[in-house]
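Student:
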Amino acid sequence: MLGSALSCQCVLTPCQGVTVTANDRFFQTKQAAAVLKHGILARYPTVFTTMTSVGRVDGRVVYLDGYAGPGRYEPEGDAAEGEPGSPLIAIRTAETVKTWKRTLHCVFVERNRTYADNLRTVLAEDAGPGLSYEVLDGDVQGHVDHVLSVAGSSPLFAFLDPFGTALPYAELRHTLLGRDTRLITEVLLNFNVHMVGRIGGYLTGDEEDEETTGGRSATLARMDAFLGGPWWQDEFRNARLSNDEGSAARAAMHIVEQFRRKVHDDTGFQSFAVPIRRRPHHNPLFVMLLFYRHAAAPYMFNESVSKANEEWRHHQHNIETAELLESLNDEQPNLFDVDDEGYTARYLEERVDKAERKLEEEWITLIAENIRHHVKSGPLPVEARLTDIHGTTLGLARPMHLTRAWDRLAEEGVVERRLPDKKLRMRRQTIYPVSR
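Each step along the sequence shown adds one to the number in our numbering, with nothing skipped, and position 385 is 478.
In structure tokens:
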């Protein structure tokens with residue numbers, strides 16, 4: 094069953110006279126949406142490396158960052174350096190697992206020569222001694238065979254976060270997703286939903302931005318290659334038939350779902366989707382797709398996503414608080430002295446904490462109702478029935494919420510109590526209905 098979820102780097106300042114591309118602008122400042130993405134990257138690869146290296150003599154795992162960028166974001170405000178991008182997050186993971194006698198060999202691929210050189214400098218300064226990594230210039234498509242050779246029989250985790258379309262589908266299918274089924278492989282693809290909506294506008298005549306419509310045929314050809322053929326074009330048109338507000342976003346998300354099904358049908362890889370938004374109630378800009386085979390992957394990934402989503406919500410709170418205080422001070426410049434502003438910030442923080450507690454209670458209630466419904470048909474193995482158990486809370490709630498829902502139903506006499514043995518992890522337990 095396909096899972097679902099609710100819901101970079103330093104740039105060298107362009108020299109005078111150099112055209113600033115959209116890609117350059119992307120790397121200059123950290124976008125709010127990157128908080129969730131980086132929250133996942135800071136957690137799940139550590140879990141992947143730890144779990145998949147168990148029992149391996151060399152404890153070796155290979156990590157591919159196919160669109161690495163220059164290493165850091167550009168510094169903001171008075172900061173001496175920018176926040177770490179995906180390569181530095183990977184290096185920190187390598188440093189962490191090294192203490193557990195694991196080796197994470199990182200392969201960073203970057204097409205932009207200036208970015209690649211900057212990345213080498215950043216890594217030389219920040220990577221600790223004894224870490225294993227390499228930086229390769231050029232397009233990831235030209236280095237996939239090398240990565241597969243370097244990986245050999247080791248577990249491989251590939252992160253693909255392109256500015257635009259990623260590897261052509263045929264390449265993705267036959268290389269990264271085409272490894273022997275006995276080899277552990279997972280691919281985390283950041284799917285640009287906004288881009289699909291804009292390019293889909295070519296098909297309906299809605300897209301008139303010259304920056305986008307220039308080279309229309311070539312752009313559609315690249316999209317066809319990325320998605321594995323022109324199948325998506327009719328799908329997009331049909332999904333846009335209503336032509337009402339938001340239909341383009343819904344059509345783009347429909348393409349994401351069809352792409353997931355295509356990958357599953359062609360390769361056997363299942364997927365877990367994480368929508369990434371700029372603000373809580375906005376349409377998704379991206380969807381992070383984890384393609385996996387191992388049964389434990391969605392459970393472990395869900396926990397990482399849940400914590401990253403919590404981090405993202407707090408980031409949104411900080412943005413909204415700053416905007417509110419700024420607007421109040423603009424309206425009444427002397428409204429706050431330092432103490433007043435601090436009091437207001439604390440008051441807003443308390444409101445956020447209250448909202449978080451309310452969210453958690455809603456998740457626990459939803460999970461309990463899902464269990465109550467599905468357990469009528471028989472036992473629920475947590476790992477195998479994760480999607481049924483979590484429902485719409487997938488990617489938001491995590492084991493502690495499942496535990497509380499389970500305990501609540503046990504108190505009501507609906508299900509048997511959890512096993513107290515801490516060695517038997519939650520994902521390996523089964524929820525049994527109470528025998529009448």
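Even glycine gets a Cβ: it sits at the ideal position worked out from N, Cα and C.
#1: Would you check if the distance between the CB atom of VAL150 and the CB atom of ALA244 is smaller than 7 Å?
#2: Quick one, which of GLU442, SER470, ILE482, ASP446 has its alpha-carbon nearest TRP456's?
#3: Assess contact between the stretch 378 to 393 and the stretch 277 to 284, defined as three or more Cβ pairs (one per stretch) separated by less than 8 Å. Is contact present?
#4: At 3 residues or longer, and completely inside the stretch 337 to 371: list those beta strand (DSSP E) runs for me, N to C.
#5: Taking the alpha-carbon of TYR295 as reference, which of TRP325, HIS267, HIS408 has the nearest alpha-carbon?
#6: Leaving out five residues before and five after ALA345 in sequence, what residues of the same chain have Cβ atoms less than 7 Å from its Cβ?
#7: Give the straight-line distance between the Cα atoms of GLY175 and ILE412, rounded to the nearest whole angstrom.
#8: List the endpoints of the continuous alpha helix (DSSP H) containing THR258.
#9: So the candidates are ALA477, LEU260, THR143, ALA126; which of them puts its Cα closest to the Cα of ASP158?
#10: Quick check for students: name the residue ranges of the beta strand (DSSP E) that lie wholly in the stretch 183 to 258, counting only runs of 3 or more.
#11: Assuming TYR385 is part of the beta strand (DSSP E), what are its boundary residues?
#12: Just checking, does the stretch 234 to 243 make contact with the stretch 194 to 213 on the three C-beta pairs under 8 Å criterion?
#13: Looking at the unbroken beta strand (DSSP E) that takes in ARG511, where does it start and where does it end?
#14: Determine, using beta carbons only, whether PRO526 and VAL468 come nearer to each other than 7 Å.
#15: Short of 6 Å in beta carbon distance, which residues of its chain neighbour ASP337, apart from the five on each side in sequence? Order them along the chain.
#16: Alpha carbon to alpha carbon, how far is HIS357 from GLN363?
#17: Report yes if the C-beta distance between GLY86 and ALA401 is below 7 Å; otherwise report no.
#18: On the criterion of 16 or more Cβ atoms from any shown chain inside 10 Å, does ARG309 qualify as buried, or is it exposed?
#19: What residues in its chain sit with their C-beta under 6 Å from that of ARG140, if we drop five residues either side in the sequence?
#20: Mapping DSSP to helix, strand and coil, what is ASP273?
#21: Name the two residues that bound the continuous beta strand (DSSP E) containing ARG153.
#22: Grab the span of the beta strand (DSSP E) containing ASN283 for me, first residue to last.
#23: Between which two residues does the alpha helix (DSSP H) containing SER310 stretch?
Tutor: Walking through what the data contain:
#1: Position 57 of the sequence shown, counting from 1, holds the residue named residue 150. Position 151 of the sequence shown, counting from 1, holds the residue named residue 244. Note that the C-beta distance between VAL150 and ALA244 is not below 7 Å.
#2: Translated into the one-based positions of the sequence shown, residue 456 becomes position 363. Of GLU442, SER470, ILE482, ASP446, the smallest CA-CA separation from TRP456 is found for ILE482.
#3: The stretch 378 to 393, when compared against the stretch 277 to 284, does touch it at the 8 Å Cβ threshold.
#4: If we require 3 residues or more, the beta strand (DSSP E) runs fully inside the stretch 337 to 371 come out as 363 to 369.
#5: Within the sequence shown, numbered from 1, the residue matching residue 295 stands at position 202. Cα-wise, what sits closest to TYR295 is TRP325.
#6: As a working mapping, residue 345 is identified with position 252 in the sequence shown. So the list reads VAL286, VAL289, GLY290, GLY293, once near-sequence residues are dropped.
#7: Numbered from its first residue, the sequence shown carries residue 175 at position 82. Numbered from its first residue, the sequence shown carries residue 412 at position 319. Each residue's Cα considered, the two are about 18 Å apart.
#8: Position 165 of the sequence shown, counting from 1, holds the residue named residue 258. THR258 -> no alpha helix (DSSP H), and no H or E assigned at all.
#9: As a first step, residue 158 must be located in the sequence shown, where it is residue number 65. The candidate whose alpha carbon is nearest that of ASP158 is LEU260.
#10: Listed in chain order, they are 196 to 203, 226 to 230, 249 to 253.
#11: Against the sequence shown, residue 385 aligns to sequence position 292. Unbroken beta strand (DSSP E) run through TYR385: 379 to 385.
#12: Contact holds: three or more Cβ-Cβ distances are below 8 Å.
#13: As a first step, residue 511 is located in the sequence shown; it is residue number 418 there, counting from the start. Premise fails: ARG511 is in no beta strand (DSSP E) and is neither H nor E.
#14: Position 433 of the sequence shown, counted from the start, is the residue given in the question as residue 526. Position 375 of the sequence shown, counted from the start, is the residue given in the question as residue 468. Taking 7 Å as the Cβ cut-off, PRO526 and VAL468 qualify as a contacting pair.
#15: Taking the first residue of the sequence shown as 1, we reach residue 337 at position 244. So the list is empty, once near-sequence residues are dropped.
#16: Position 264 of the sequence shown, counting from 1, holds the residue named residue 357. Position 270 of the sequence shown, counting from 1, holds the residue named residue 363. For HIS357 and GLN363, the distance between alpha carbons rounds to 6 Å.
#17: Because the chain spans 94 through 529 in this model, residue 86 falls outside it and cannot be assessed.
#18: Taking the sequence shown and counting its residues from 1, one reaches residue 309 at position 216. Around the Cβ of ARG309, a 10 Å sphere holds fewer than 16 other Cβ atoms; the residue is exposed.
#19: To locate residue 140, count along the sequence shown from 1; it is residue 47. The amino acid at residue 140 is misidentified as Arg; the sequence shows Val. Once the five neighbours on either side are set aside, the close Cβ partners of VAL140 are MET393.
#20: By one-based count along the sequence shown, residue 273 stands at place 180. ASP273 falls in the coil class under three-state DSSP.
#21: Within the sequence shown, residue 153 is the residue found at index 60, counting from 1. Taken as a continuous stretch (DSSP letters only), the beta strand (DSSP E) holding ARG153 covers 153 to 158.
#22: Counted from its first residue, the sequence shown places residue 283 at position 190. Secondary structure note for ASN283: its beta strand (DSSP E) is the uninterrupted segment 278 to 285.
#23: As a position in the sequence shown, residue 310 is number 217, starting the count at 1. Note, SER310: alpha helix (DSSP H), 309 to 320.
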